[in-house]
Structures are given as C-alpha cells and as structure tokens.
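Just so you know, we're using UniProt numbering here: the sequence shown kicks off at 1 and counts up by one.
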Amino acid sequence: MPVSAVLARSAKRFAGETPIGRKRRARKMARVLAETHPDAHCELDFETPLQLAVATILSAQCTDKKVNEVTPIVFKRYLSAADYAAADRMEMEAILRPTGFFRAKTDSLIKLGQALEERHEGVLPHTLEELVALPGIGRKTANVILGNAFDVPGITVDTHFRRLVNRFGWVHEEDPVKIEFLVADLIEKRDWTMFSHRIIFHGRRVCHAKKPACGACSLATMCPSYGLGPTEAAPAAKLLKGPRARELAVQVGLDPDLVPAAAIATPDVP
C-alpha cells in the first residue's frame, strides 16, 4: 500500500475522536512508552541544581553528548553562583566554544550568577515563577530543573516533544507553552517529568524528525501518523537508534539482527 494511503487510513481511524477518547489514548500511549523506555532519564550530567541549570542553558542548539564533554571543565572552574558572576568573559567563552553560540551562553551564565547573588543569596530557587525570571531560563529550562533537581513535576517541551505530541494527534499546536498546558490536561501530574523523558527518548531513538521508524514503533496501533515512515520490518528496524535499539526491535516482534551495529550508539542529536 502506498505511504500516502497508509497514512490516510491511520489518520481516519482517529478523525472523530472525542476529548475523553483522546485522554484515554494518551494515557495508554504513556503507559506503553514507560514499558518501551524503562531507561529514560535526563541525559545531561549534573550533581547540583545549579549544575543542571548551567547544563540546560548550554544544551540549546547543542547535543547532550557535547554538553557532557564540556561541563566537567565548567563545573570544576565555576563552583558557585558567585564564580559565574565574577567570571572572566574571554576565559568562559573559550571553554564554552564547543557548545556553539558561546558568546550568548557566556552572557547568560554570567548574568545568571549575578542575579542569583543579588536576588537569592547565590542559591537557585525552586519555583517556576522565580526560575523563569532569571537570565537564560525559560519555561523549558525551568521545567527541566524543577523535575530533575527538585522533584517538582514539570513538562519539558523541546523539539522532540513538540513533534511527537503533534504526530500523536494530541495537539495541533506549535507554541511550546500552549502545548505544555494541553498535554498537562492529558497526563497525570505525577508522571509529567518522566513522561517528558520518555517522549524525548522516543523522539531520539524511534520517531525521528525526517523518517520515523513506524514499522518498529510500540505505539503504531495508537498513532494517527503511522505510515509517515517505513512500515516494513527491515527498513524500519534500520532506523532504530541507541544502546537499546535491538531491544526495541524485539519489543515489537522484529528480528534484532535487522538493527545495524552502528545504530547501537547513544543518539547524538540535540
């Protein structure tokens, strides 16, 4: 069957879905994602809330892998908000250069350190309102910090999250804040942080931007976008990525040997 016909048939199945039907489907998909990606977690390395804030700021337009290569140097050189506030700009720019947009990121980190010293006695606050008022921290970064450093449930709407929830037909929206509130109404609050990680894992490992692995996806029967990528076993399995790529294939009944060895590496994508 042509790709367009498969996609049209998938979309038609959910065309008349009611709001309560969408919520039930969303929660079922969330449960399947939990089974699919039991290893989901924040892929930025950190030990303190401040370190997570710094790493998240550096992750803009940069892979987590690259950020994790740079942050050991950053965290060793700058131990506190006061250190960031008093940082030599040229020295910090040189350290941050590999992450891209290093001048803007340097500016954000210095201003963040200054704001923390001036407003919060050098301690990172743990409310959304206080965090988004800080330089370099928007809602996405704030929710990452809240969920992973302070155990306060938060939904992280990054590019993967936005792409997937639109493909799932949960929302038809591009604005991150609107998406956050719409999805918050579908998923139980206690699950928001881990759900965000699972969605991001799925986006990096299965539901890719250009060619999703539809035929190797555990959500295939519940997704109105099924057919956007290859549905045949072999080409779909070749698209799986990450250290558990072959396990992902087995989960949906595919031969793990269809997954090339080169795919079993941590996805190096933003």
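Idealized CB from N, CA, C, for every residue including glycine. From a predicted model like this one, the values you see are computed outputs, not experimental measurements.
- With a cutoff of 8 Å on beta-carbon distance, K241 and A220 are scored as not near each other.
- C-alpha of D88 to C-alpha of C42: approximately 30 Å in a straight line.
- Short of 6 Å from the beta carbon of Q114, and not among the five residues preceding or following it, lie these beta carbons of its own chain, in chain order: A85.
- Residue environment for D64: buried (at least 16 other C-beta atoms within 10 angstroms of its C-beta).
- The C-beta of I73 has fewer than 16 other C-beta atoms within 10 Å across all chains shown, which makes the residue exposed.
- For the 8 Å CB-CB criterion, V144 and L52 form a contact.
- Counting along the chain, the unbroken alpha helix (DSSP H) around P176 starts and ends at 176 to 184.
- Look at K241 here: in three-state DSSP terms it is coil, with no helix or strand label.
- In terms of Cβ geometry, P224 and C214 do not form a close pair [threshold 8 Å].
- The beta carbons of C207 and R167 sit about 7 Å from each other, so the pair counts as a contact at 8 Å.
- With a beta-carbon spacing of about 11 Å, K28 and L186 fall beyond the 8 Å limit used to define contacts.
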